[in-house]
Each structure stands twice: as structure tokens, then as C-alpha cells.
Amino acid sequence: MSDAVIEVHGLTKSFGTFQALRGVDLSVAPGQVHAFLGPNGAGKSTTIRVLLGLLRADSGTARVLGGDPWTDVVDLHSRLAYVPGDVSLWPGMTGGEAIDLLGALRGGLDQRRRDELVDRFELDPTKRGRQYSKGNRQKVAIVAALSSDVELLVLDEPTSGLDPIMEAAFQLTIAEAKARGTTVLLSSHILSEVETLADRISIIREGVIVQEGTLSELRGQARTAVHAMLRQPPDEHALGLFHDPRYDQGSFTGHVESTRVGEAMTALTRCGITSLTVEPPSLENLFLRLYGDDADQAPR
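Here our numbering is used: the first residue of the sequence shown is -19, the next is one more, and so on.
Here it is, written out as C-alpha cells:
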């Protein structure tokens, strides 16, 4: 038996003629923050809904905390917490009451941690749901989820609507949860957040996982950006080492595969480098390379 907290094999799901999931494989190890990335329409939210027992897959298998998310949904929801990207609250209930109710549904919460998180996220728990902005509704859901002693956190764009200060507070809170042994499945469009928090990353495109690995492993598949001032134009050999090379009046820019950085630097040195900036590959580079112009045009 696998000891994975989440284990998915060959998951498919269609809505009419549209196939949202086309054989998703996903494994999330205990105690890790596993990022789940992809643009709108790629299949992230559909996968998450299957894992939460909100949708039934057409085929394939999904196991969450050792149980079936469709048949064991009540038991599993007492052991996990979910934060969506757009939180709805009871209009007449205060934020504090909502936190306590959500905690009670999971068997209770840590009162001391609850109070610390209310302070950390600068949340006024006496306001009613109808009075909260989007960002404050997110805070209520985050505090409720992180105050409970759950084994798994499923976070789907949890910091949507939060300002940079609250984003930093969120990252600290997730790091503390991980230190307690909590497993986290994190879907986010904030790639800097993922780079800071994630132990492992899965990238989904058109209903299929297209890349998976640690950040360092994925960076090895991305390209390094090079900006240089040259005394003379690069020759054909030098240009051939780069993707999208551009040279204009001594200024050169281009991208090179990580395995060919040394060769590219040698070729540019022959052109007389007067200044040089090398930007290591980032998760954003990899993401844009996988999706290109489609990333902003994917269906919602």
C-alpha cells in the first residue's frame, strides 16, 4: 500500500463533449507542500473537486488519506480542510462565529492558534459576513482551516484578494503547518509563493500532468536568461546557442538551455563582453515555456 496522502491514477472527467481530465496521475507525499499549477481551464479545480468528493470521476482511481473521496467523504472532511479561491460566508454570521462553526465540523480547533491567526491576519472577527471584503472573507477561511488540527490542507488560490503583507503572513502560517507534519496541496497563480513554499510541483495542461518534480529539477528543464553588452556582434555559432537571440547596437539578449550555459558564455566572450547579467531559470520561465501565449487565453 502507498503511504501517499493523495494518490491519483488515470483520472478522467468529462462535461458533455469537453474532456476536463484526460488521465491525471498525481501523488502527494506526507508532510510536503505540493504545488498544483496550470492556467484557467487546465483541470486544476476539477481535480480538486474530485479529491474533495464534490465530483465523481468518470474513470481512474483517487485515494485521499487512504479513503475514497466519493464514498468516504464525511470521514475525510473531518480530517482535511479546504480553502477555495472565492469564499462565501453566511451573511448574518460574524467571522468569529464562522471560524468556530467550521472548526466544529472538523472536530474542534486549537483556540490559542485561532487567536494568534486572527491577530496575524489582522481580522476583525466581530464583523458579519455581509460586511467583509473579498480579502477578509479569504482570511476567515484561512484562519478556520489553519486553526484545525487536520492532516491535509487543500488550498485552491487561497491568497486571492490578499495584499503582500497578508501574503507573507500566509507563507509563515503554511511553513508552521508543515513543521507540524500537515500535508498541503496548493493551487496558486502566485509563482513566487510556490517557489517559497513548495517541496514538489505538478503542472497540468489540458487535463494531463505535463511536468512534475522538485523546483530544482524543474529549473534544470528551464532556460537561463542572458543580457550582455558586446564590443562586436555575435557570430552564427554564438547565435545558434540561444533561443530568441536579439542584438542591437552592442546590446544582446537571449535564453540558453541550462546544460549549455558554459558553452554560450565562451562564445560570447569572443565577442568582447563589457557587461553581463545572467538570470537563473525561474518557475515562471518554465511555466511560460510550457504554455506560451496560451497561458492568458485558456478557457475559464
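Backbone N, C-alpha and C fix where the C-beta goes; we use that ideal spot for every residue, glycine too.
Would you kindly work out how many angstroms separate the C-alpha atoms of Phe222 and Ser262, rounded to a whole number? 17 Å
Assess contact between the stretch 114 to 131 and the stretch 78 to 98, defined as three or more Cβ pairs (one per stretch) separated by less than 8 Å. Is contact present? yes
What residue ranges within the stretch 27 to 96 form continuous beta strand (DSSP E) runs of no fewer than 3 residues, ordered along the chain? 39 to 44 and 60 to 63
Could you tell me if Glu259 is buried or exposed, where buried requires 16 or more neighbouring beta carbons within 10 angstroms of its beta carbon? exposed
8 Å CB neighbourhood of Ile184 in its chain, flanking five on each side removed: Val4, Phe16, Leu17, Gly18, Ala22, Gly23, Lys24, Thr27 and Val190
With distances taken between CB atoms, is the gap from Pro10 to Asp(-17) smaller than 8 Å? yes
Does DSSP classify Ile154 as helix, strand or coil? helix
Expected contact under 8 Å - CB spacing of Leu210 and Gly252 to nearest Å: 6 Å
Taking DSSP as the reference, what is the three-state secondary structure of Lys(-7)? strand
What does Gly281 pair with, by DSSP beta-bridge criteria? Here the chain comprises residues numbered -19 to 280, so residue 281 is not present and cannot be evaluated.
Since I believe Gly33 is in contact with Thr287 (beta carbons under 8 Å), could you give me their beta-carbon distance rounded to a whole number of angstroms? The structure shown has nothing for residue 287, since the chain only spans -19 to 280.
Take Thr162 as the anchor and find which of Gln12, Ser(-6), Leu6 and Ala148 has the nearest alpha-carbon. Gln12
Could you tell me which residues DSSP pairs with His169 in its beta bridges? Answer is none; His169 lacks a bridge partner.
Check whether the Cβ atoms of His207 and Thr233 lie closer than 8 Å to each other. yes
For Ser168, does the count of other Cβ atoms within 10 angstroms reach 16, so buried, or fall short, so exposed? buried
Span of the beta strand (DSSP E) holding Gly115? That residue, Gly115, is in no beta strand (DSSP E); its alpha helix (DSSP H) goes Lys114 to Ser127.
C-alpha gap between Gly75 and Val63, whole angstroms: 15 Å
Where does Phe232 sit, in a helix, a strand or coil, going by DSSP? strand
Just how far apart, CA to CA, sit Ile79 and Gln111? 15 Å
Using DSSP bridges, identify the partner residues of Phe16. Ser182
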